[in-house]
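Trainee: Going by my numbering, the first residue of the sequence shown is number 283, and it counts up by one from there.
All C-beta atoms in this analysis are idealised placements derived from N, C-alpha and C, irrespective of residue type, glycine included.
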Amino acid sequence: MHLQGEFVESNLGTALGPDGVTVRLIAQQFSFVPNCVKVPADTPIKFRLSSADVVHGFILVDTNVNTMVVPGFVSEVRTSFATPGDYRMPCDEFCGLGHQGMWARVVVVPRDQFPRLTPEQRTNCVSS
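(1) May I ask you to list the residues that DSSP assigns as paired with Gly295?
(2) Quick check on the DSSP output: the beta strand (DSSP E) that includes Cys318 runs from which residue to which?
(3) Between Phe363 and the rest of its own chain, which residues show a CB-CB distance below 6 angstroms, the 5 nearest in sequence each way excluded?
(4) Going by other Cβ atoms of all chains shown within 10 Å of its Cβ, with 16 needed for buried, is Pro316 buried or exposed?
(5) Using DSSP with H/G/I as helix, E/B as strand and the rest coil, what is Gly367?
(6) Taking 8 angstroms as the threshold, find out whether the region 295 to 315 comes into contact with the region 335 to 349 through three or more Cβ pairs.
(7) Which residues bound the beta strand (DSSP E) around Ala334?
(8) What distance in whole Å lies between the Cβ atoms of Ile327 and Arg370, which are believed to be in contact at a cut-off of 8 angstroms?
(9) Would Pro353 and Asp335 qualify as a contact pair, given that the criterion is a beta-carbon distance under 8 angstroms?
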């Protein structure tokens with residue numbers, strides 16, 4: 283999955299397109315890759331996910347975003363965020379003994395700040 287096709291490693295994370303932002307993630311025991319993404323506020327966001335191993339859940343806490351991520355299929359969810367903020371993204375489908383530690387983050391940044399971020403900065407949520 284990481285070696286070819288839509289979910290090749292270099293294609294993961296966020297990409298700015300003419301109709302908004304596409305976020306590509308892989309769910310695998312027991313992490314999301316990448317484990318943190320930045321997206322712009324007040325912009326259409328399309329999440330595309332696939333699983334490398336078993337069924338996982340994708341939920342953004344405090345939103346209506348929630349879907350299953352099934353091996354061999356691409357799950358797609360569309361949303362937008364009105365204001366900047368930080369959203370936890372736990373796996374909400376039991377996927378094995380490390381399930382409780384499987385979570386990631388979506389950080390919503392101001393819309394005008396996002397285009398200035400490099401692809402590496404869009405998947406790095408460590409505070410400086």
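Mentor: If we stick to the structure as given:
(1) Arg306
(2) Cys318 to Pro322
(3) Ala323 and Val390
(4) buried
(5) strand
(6) yes
(7) Where Ala334 is concerned, there is no enclosing beta strand (DSSP E), given that its DSSP letter is neither H nor E.
(8) Between Ile327 and Arg370 the Cβ distance is about 16 angstroms, and since that is not below 8 angstroms, they are no contact.
(9) yes
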